Amino acid sequence: MERSENRDYRPEMHFTPKKGWTNDPNGLFLKDGVWHLFAQHNPLSPKWNVGMHWLHATSKDLLTWKDQGLALAPEEKLGSIFSGSAVIDCGNTSGLGKGGDPIVLMYTSHGEYEQQSIAYSNDGMHFIPYSGNPVIPNTEKIDFRDPKVFRNDILDCWTVVLAAGDHVEFYASKDLIHWDKTGEFGREEKGLGGIFECPDLFPLRTEDGEEYWILMSSMLLTFDFGGSRTQYFVGEFDGRTFRQTVSAPNPLMVDSGYDNYAQTTFFGTSDKLMMGWAANPGYAGVVPTGEYRGLMTYARRLSLVKTKCGIRLAGKPVAPESSLTAHFSVPQGRTPEGWMKPEKAEAKLKGELFNIRVETDGPFVLVLSNPEGDILRVALDNSHQFTVDRSESGIKDFSDLYESGLMSVAKTERLLDGPVTLDLYFDHMIAEIFADEGTFANTTLVFPKEPYTEVALLGSGTLWTED
Ligand code: FRU
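Oh and the sequence shown: position 218 is 218 in the working numbering, straight run, nothing missing.
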């Protein structure tokens, strides 16, 4: 029996399945002003199950999603449909188009072995598995999945990066059907450790025009780093393989929170936009959300920022517009510890979909609370660390892991100096928090027993809320 649910946590502006289970976002693309999203999906229960499908949804604004039903279902011969990606096959290189460029989905057929298959569509709604699948066969490797395909302008071909256990592999093709291996990365440069999943590879430029390639990969079972997290490497791609050229003392993580996994980028956009599964694989199967489980993050527009610690990936969310009102707090001097006397700025919160902004020069604590005593804290301390603390944020006993100290508090070093602008986007159970041009990003799931109704800023600065 599933836990009896406390209340409805379904977000308003984030993708969720109507019923059943959802994990990774798959096959993200933009065509003719419509955003397409596919999701790993089990239609039969709100639990992961090996019989994965792809659920299709579309959106005009990346915030509200229309369910378009199942796009791919398990196949008798090749198995179920694990994660993958999509491209618009410009020029019909595959020959699968009829009267135009087809959409080609590339996914992992998960059967006795994991192999890569494709499916195509000429109307963007109906997807037909290719009769010659698999296009990248495998009868050796246990882990061999999550193909992310992109147009390779360096060699004028298609390239796919996929996860192969303790490393990623690259393959190239002229027609999306015949593939040759061109390289590998990660056997030495593991970073977080764990098993590579859902890799992605794309170029980005810094503000002053320097180009770097980002190799991003989710890492399953990285217990030294709080379960499963997504890391990235900064380097170069010669058309065949990736090489890390910028090293950092610690592994670089895409999100400092514990609830952003399997991020992947959209095909067909001029800016790089990324979306993730807002969950942690360690407890995603037991969160108290009722007849469905799983949601996606807001899409994030990615950039590269030169920080005092080096080049870092940054993201800003595509979030609902809001008009904010200022509430000022006045600095009242310092305590012996150097902390501003906590003169508060306070405001009421309306509803469960809201944005909050903090502008300040110094350390602060932002507190969201409700009459039940649930508290979500976001802070910047004197040693330049951002903290997101959900240890008292609401229901936690659905999972030992979620409840444990390991995943209650996320601390992250600040990468820029000067005044801070921090934005918190909240939607029922998800807080997405950004600061410092998006070099600080934290996605956190919380399950307050009642909606948060109040917000307070401790420390000097301005608190902005929606009236
Ligand atoms: C990541 C993942 C992928 C796999 C899919 C199966 O969450 O484990 O590696 O393709 O989920 O649902």
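From the three backbone atoms N, C-alpha and C, an ideal C-beta is built for every residue, glycine too. Everything numeric in this text was worked out from a predicted model, so none of it was measured.
Are the CB atoms of A57 and L30 nearer to each other than 8 Å?
no
(request) Using three-state DSSP, classify M13 as helix, strand or coil. (result) coil
* **Cβ pair R145, E189 closer than 8 Å** => no
Looking at the unbroken alpha helix (DSSP H) that takes in L401, where does it start and where does it end?
-> 400-403
Are there 16 or more other CB atoms within 10 angstroms of the CB of M1, so buried, or fewer, so exposed? Residue placement at M1 is poorly supported in this model, since its pLDDT is 32, which falls under 50; the coordinates still yield a value, given next. Counting Cβ neighbours within 10 Å, M1 comes out exposed, since fewer than 16 surround it.
| query | If we count the other Cβ atoms within 10 Å of its Cβ and call it buried at 16 or more, is D255 buried or exposed? | reply | buried
For S94 versus D175, is the C-beta spacing smaller than 8 Å? yes
task: Starting from the C-beta of K316, find all residues in its chain whose C-beta is less than 6 Å away, skip the five residues before and the five after it, and write them out in chain order.
output: R301, G438
* Is A71 helix, strand or coil when you go by DSSP? -> strand
(Q) Need the endpoints of the beta strand (DSSP E) that P25 sits in, please. (A) 20-31
Check: With C-beta atoms as the reference, is A410 less than 8 Å away from V446?
Finding: no
Would you say the beta carbon of F202 is closer than 7 Å to some non-hydrogen atom of the ligand GTP? The ligand GTP is absent from the structure shown, which contains only the ligand FRU.
Tell me which same chain residues have a C-beta within less than 8 Å of the C-beta of C309, skipping the five on either side of it? A248, E413, L415
Review point. Taking one C-beta from the stretch 60-71 and one from the stretch 89-103 each time, how about it: are there three or more such pairs within less than 8 Å?
Key: no
Does L63 get closer than 8 Å to chain C when you measure Cβ to Cβ?
-> Of the protein chains in this structure there is only one, and it is not chain C.
Is it the case that the CB of D255 approaches a heavy atom of the ligand FRU more closely than 7 Å? no
Determine the extent of the beta strand (DSSP E) in which R414 is found, giving its start and end residues. Run containing R414: none; DSSP gives neither H nor E here.
Query - Bridge partners - R357, DSSP secondary structure assignment - result: D423, W464
Any idea which residues DSSP pairs I118 with across the strands?
M106
For this session: Give, in chain order, every unbroken run of the beta strand (DSSP E) that is at least 3 residues long and sits entirely within the stretch 248-289.
Result: 261-265, 273-277
- Message: So, does the stretch 196-204 touch the stretch 282-295, judging by three or more C-beta pairs under 8 Å?
- Response: no
For T421, which residues of its own chain have a beta-carbon under 6 Å away from its beta-carbon, when the five flanking residues on both sides are left out? E359
Exercise for the section: Indicate the three-state DSSP secondary structure (helix, strand or coil) for L406 in the structure shown. Expected result: helix
**Item:** Straight-line gap, M106 to L424 (C-alpha atoms, nearest Å)
**Value:** 35 Å
(request) Verify the contact flag: N23, CB atom, against every heavy atom of the ligand FRU, threshold strictly below 7 Å. (result) yes
* Asked: Name the DSSP beta bridge partners of T439, please?
  -> Paired residues: none, contrary to the question.
Report task. Output the distance between the C-alpha atoms of S303 and E432, rounded to the nearest integer angstrom. Result -> 17 Å
Start-to-end residues for the beta strand (DSSP E) that takes in M216 | 211-220
**Euclidean distance between Cα positions of A119 and S109** = 11 Å
Would M216 be called buried (16 or more neighbouring beta carbons within 10 Å of its own) or exposed? buried
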